[in-house]
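Everything below concerns the one structure shown next.
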Amino acid sequence: RAAIPVPKGFCRNLCHRHQLFISFQDLGWHKWVIAPKGFMANYCHGDCPFSMTTYSNSSNYAFMQALMHRVDPKVPKAVCVPTKLSPISMLYQDSDKNVILRHYEDMVVDECGC
Amino acid sequence: AWGQTSEFQDYDFLQFLGLEKAPSPHRFQPVPRILRKIIRAREDAAASGASQDLCYVKELGVRGNLLQLLPDQGFFLNTQKPPQDGSCLQKVLYFNLSAIQEKGKLTLAQLTLDLGPRSYYHLRPELVVALSMVKDRGAWGRSHPALGRLLTQLSVPGPQGPLQFNLQGVAKDWNRNRLKNLDLYLEILVKEDRYSGVNVQRENACDRLVRSLHASLLVATLNPKRCHPSSRKR
């Protein structure tokens with residue numbers, strides 16, 4: 023489920039984090055997932071023009087690639103990727119009556135950058 | 004296949020989560036407070052953006068990235084005979100350790116015995132709980148299995164919450180030779196000397212205890228591939 027639009031004044035097509043909630047209820051998994059009810063997975067999408075690559079959470083490499091793209095358009099633009107991720111924990115029951123608490127790394131996108 | 008709608012692929016997500024297929028439990032097992040406390044603390048930490056070391060379970064003081072609660076699948080012994088010489092309940096506790104999913108090392112094996120609140124108030128004042136390893140499974144048919152080492156014996160005064168036993172020896176055994184199952188022998192006795200009630204009252208109370216006893220084994224496993232050695236911040 024996509025969620026709240028981007029903050030005011032931010033050019034919508036530039037690289038930024040898009041909110042996306044994965045609901046276990048929507049998947050019909052609420053019968054065996056005890057907690058949480060779902061989680062904010064989010065995703066990164068948007069353009070990485072040269073001006074964008076001078077921002078703080080863009081990599082030096084993105085700056086170089088954007089510069090090279092300006093000189094030779096055959097070099098692809100820098101891309102919009104997660105720069106900060108966090109884990110989730112899931113408490114669920116399997117078919118053999120075992121209750122399991124397991125965590126999964128890098129499931130939630132917290133920040134994006136070029 | 005042609006024309007296949009891009010339905011969300013449950014299967015891929017389940018595989019990714021380490022599950023063969025979506026579990027279909029007939030009814031929910033009671034979830035111990037400790038597991039709910041852990042998952043709530045993690046959700047709060049995630050919501051506040053705090054960094055977490057998910058390879059350390061601070062509520063239990065052990066390293067581990069997977070917690071599993073295994074239900075007891077054992078059976079009672081001598082339920083036909085009236086309790087004698089103070090013995091109130093004898094049970095073989097059986098836990099299927101091959102259900103432990105995570106590769107890696109067992110860092111916790113904690114047995115919880117919930118005797119149920121009501122049964123306590125009828126077995127005043129003291130219970131003695133004795134827990135032993137079962138040495139020879141084949142002897143289960145007899146009234147008393149061949150016992151291995153006594154793990155613990157403790158007097159339990161008056162009503163209190165579930166009893167917990169840290170079975171470190173079991174965790175060591177599992178790490179050494181991947182036991183397929185764990186068999187324990189549980190005996191609960193009523194201290195005769197201070198028991199003033201008539202036998203029939205004790206008998207009813209022991210029957211109640213048989214019905215309300217709930218045993219479970221909480222195990223924690225640490226997968227070195229997912230958890231770098233002592234990555235926990237000092």
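As you go down the protein sequences, you meet chains A and B in turn.
Numbering-wise, the first sequence is residues 23 to 136 according to this note's numbering.
Numbering-wise, the second sequence is residues 4 to 237 according to this note's numbering.
Where a beta carbon is used, it is the ideal one built from N, C-alpha and C, also for glycine.
Just so you know, these numbers come straight off a predicted model, no measurement behind them.
Taking a C-beta cut-off of 8 Å against chain B, the contacting residues of the stretch 117-134 of chain A are Ser117, Asp118, Lys119, Asn120, Val121, Ile122, Leu123, Arg124, His125, Tyr126, Glu127, Val130 and Asp132, listed in chain order. Counting only runs that start and end inside the stretch 63-99 of chain B, the beta strand (DSSP E) elements of at least 3 residues fall at 69-74 and 90-99.
Taking C-beta atoms under 8 Å as the contact rule, Leu192 of chain B and Val137 of chain B fail to qualify, at a distance of about 18 Å. Within chain A, no C-beta atom comes less than 9 Å from the C-beta of Pro120 of chain B; the nearest is roughly 21 Å away. A straight-line Cα-Cα distance of about 14 Å links Tyr126 of chain A and Ala57 of chain A. Around the beta-carbon of Tyr114 of chain A, 16 or more other beta-carbon atoms lie within 10 Å, marking it buried.
With distances taken between CA atoms, Asn184 of chain B lies nearest to B:Leu100 out of B:Ala44, B:Leu96 and B:Leu100. A check of alpha carbon separations from Asp48 of chain A across B:Cys58, B:Leu109, B:Asp13 and B:Lys228 identifies B:Asp13 as the nearest. For a cut-off of 8 Å, the C-beta gap from Val131 of chain A to Ala63 of chain A is around 7 Å, short enough to register as a contact. Pro74 of chain B belongs to the set of residues whose beta carbon lies under 8 Å from a beta carbon in chain A. The three-state secondary structure of Asp210 of chain B, taken from DSSP, is helix. Taking C-alpha positions only, Ile103 of chain B is separated from His231 of chain B by approximately 21 Å. Burial check for Lys106 of chain B: the Cβ neighbour count within 10 Å stays below 16, so the residue is exposed. Using a CB distance cut-off of 8 Å, Asn68 of chain B counts as an interface residue toward chain A.
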